[in-house]
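Trainee: Quick one: the structure is below, and I'll ask about it shortly.
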Amino acid sequence: MMDLLEFPAPSHAPGVLRVAGRLGRAVRGLPASVIIGSLILIFWICCALFGDRLVPYDPYAEDFLATLAPPDAAHWFGTDHLGRDVLSRIIVGSRDILLVAPLATLGGVAVGTVIGLALGYFDGLVDAIGARLLDTLMAFPFIVLVTMTLVALGPSNPTVILVIAIAYAPLVARTVRAAVREQRERDYVSAARLGGESAFAIMVLEILPNIRETILIELVTRLGYAFFSIATLSFLGLGIQPPSADWGLAVAEGYGFLTGGKWWVVVFNSAAIVSLVMATNLIAQGMGAFENAER
14 MMDLLEFPAP SHAPGVLRVA GRLGRAVRGL PASVIIGSLI LIFWICCALF
64 GDRLVPYDPY AEDFLATLAP PDAAHWFGTD HLGRDVLSRI IVGSRDILLV
114 APLATLGGVA VGTVIGLALG YFDGLVDAIG ARLLDTLMAF PFIVLVTMTL
164 VALGPSNPTV ILVIAIAYAP LVARTVRAAV REQRERDYVS AARLGGESAF
214 AIMVLEILPN IRETILIELV TRLGYAFFSI ATLSFLGLGI QPPSADWGLA
264 VAEGYGFLTG GKWWVVVFNS AAIVSLVMAT NLIAQGMGAF ENAER
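Every letter in the sequence shown is one number past the one before it in the working numbering, and letter 288, counting from 1, is 301.
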């Protein structure tokens, strides 16, 4: 019998090994903070996608005989004031915040990038007026601006996405504007002008690819702020609404029981919020350090 070691490897094995090797080298080249933050973020994404299959209990099932039960072997994170399993609600509660926050961030970064490109490239009156408008918008306290708008429009997921996107757009525009102003003096931009390229082509095809790292870092940073902002708005009753198992709502519902020593609802849901914000901050810091090292 032919020895098993003599059988040829599957034809696709070399390609798989090459891909695995490249992936391993790419991961080894990343800062540790990016890897740690990414793992935390991937964990919560898996909870959002597959939470219904992971939860030990129905997160919406009420049990009035087990209200505010402390953590034990049956309920690792305890139960809330309606007897619902806190761990199950935290796992499922990741769904709304991981949907609303990225959509709001993408909207704000997209609008801010367009504004920043235009203001940074066109000097003179356009830039002067636009910069003053950005300063005026950023002068308003973020939470006051968002709260007033949500009170006027009414709380809902689409409204939260719209309001946060509008609130973040000026902040992103200021960062992109500064990056574009630095790039527009480079030789490749002058060569593109001499070559007859239009302003739109120069902004989109020449400058934009050279500031993509800045935009990506801004995207991740704003995502962390969006997680915290949405949790804060939910705590105030202006963000994600019941019957969602949102973490900010859970903190608001459990806050009144802290004085009675019932800490687990607030602590575990707050820890979930902190972990998401920390993950995005770790990724943003690592990306910033990596970009500076590349320069």
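In this text, a Cβ means the ideal position worked out from N, Cα and C, and glycines have one as well.
Model, not experiment: these values are computed from the prediction.
Out of curiosity, what's the CA-to-CA distance linking leucine 17 and isoleucine 55?
Mentor: Confidence in leucine 17 is poor, its pLDDT being 44 and thus under 50, which makes the residue's placement unreliable; the coordinate value appears in the next sentence. Taking the straight line from one Cα to the other gives about 39 angstroms.
Trainee: Just to check, is the beta-carbon of asparagine 170 closer than 7 angstroms to a non-hydrogen atom of the ligand GTP?
Mentor: This structure does not include the ligand GTP; it has no bound ligands of any sort.
Trainee: Closer than 7 angstroms by C-beta to threonine 172: which residues in its own chain qualify, once you throw out the five before and the five after it? Chain order, please.
Mentor: Closer than 7 angstroms at the Cβ level, and outside the excluded window around threonine 172, lie Leu163 and Leu166.
Trainee: DSSP on aspartate 76, reduced to helix/strand/coil?
Mentor: Aspartate 76 falls in the coil class under three-state DSSP.
Trainee: Mark threonine 234 as exposed unless 16 or more other C-beta atoms lie within 10 angstroms of its C-beta, in which case mark it buried.
Mentor: With 16 or more Cβ atoms within 10 Å of its Cβ, threonine 234 is classed as buried.
Trainee: Counting Cβ pairs closer than 8 angstroms, one from the region 131-147 and one from the region 185-195, do we hit at least three?
Mentor: Yes, they touch.
Trainee: Relative to the C-alpha of tyrosine 181, which candidate in Asp98, Gly120, Ile224 and Gln298 has its C-alpha closest?
Mentor: Nearest of Asp98, Gly120, Ile224 and Gln298 to tyrosine 181, Cα basis: Gly120.
Trainee: Which value, in whole angstroms, describes the spacing of the CA atoms of arginine 187 and valine 279?
Mentor: Their backbone Cα atoms lie some 36 angstroms apart in a straight line.
Trainee: Determine the extent of the alpha helix (DSSP H) in which phenylalanine 241 is found, giving its start and end residues.
Mentor: Run containing phenylalanine 241: 225-248, per the alpha helix (DSSP H) assignment.
Trainee: Where do the N-terminal and C-terminal ends of the alpha helix (DSSP H) with phenylalanine 155 fall, by residue?
Mentor: That run of the alpha helix (DSSP H) goes 155-166.
Trainee: May I ask you to report which of helix, strand or coil DSSP gives aspartate 98?
Mentor: Three-state result, aspartate 98: strand.
Trainee: Where proline 83 and isoleucine 220 are concerned, what is the direct C-alpha to C-alpha distance, given to the nearest angstrom?
Mentor: So the two alpha carbons sit approximately 56 angstroms from each other.
Trainee: Between which two residues does the alpha helix (DSSP H) carrying glutamine 254 extend?
Mentor: Per DSSP, glutamine 254 belongs to no alpha helix (DSSP H) and is neither H nor E.
Trainee: Give the single residue among Asp109, Arg206, Val290 and Val202 whose Cα lies nearest to the Cα of glycine 64.
Mentor: Among Asp109, Arg206, Val290 and Val202, the Cα nearest to that of glycine 64 belongs to Asp109.
Trainee: Got a sec? Which residues, its chain only, sit under 7 angstroms from alanine 114 by beta carbon, not counting five neighbours each side?
Mentor: Correct list, in chain order: Leu236, Ala239, Phe240 and Ile243.
Trainee: Assuming glycine 10 and tryptophan 260 are in contact, meaning their beta carbons sit under 8 angstroms apart, how far apart are those beta carbons, in whole angstroms?
Mentor: Nothing about residue 10 can be read from this structure; the chain reaches only from 14 to 308.
Trainee: Taking all protein chains shown into account, decide if arginine 225 is buried (16 or more other Cβ within 10 angstroms of its Cβ) or exposed.
Mentor: That one is exposed.
Trainee: Roughly how many whole angstroms lie between the Cα atoms of alanine 22 and glycine 299?
Mentor: At alanine 22, the pLDDT of 48 sits below 50, so the modelled position is not reliable and the matter cannot be decided from this model.
Trainee: Are leucine 293 and glycine 96 touching if we call contact CB-CB under 8 angstroms?
Mentor: It should be pointed out that residue 293 corresponds to threonine in this sequence rather than to leucine. Cβ distance not < 8 angstroms, so threonine 293 and glycine 96 don't count as in contact.
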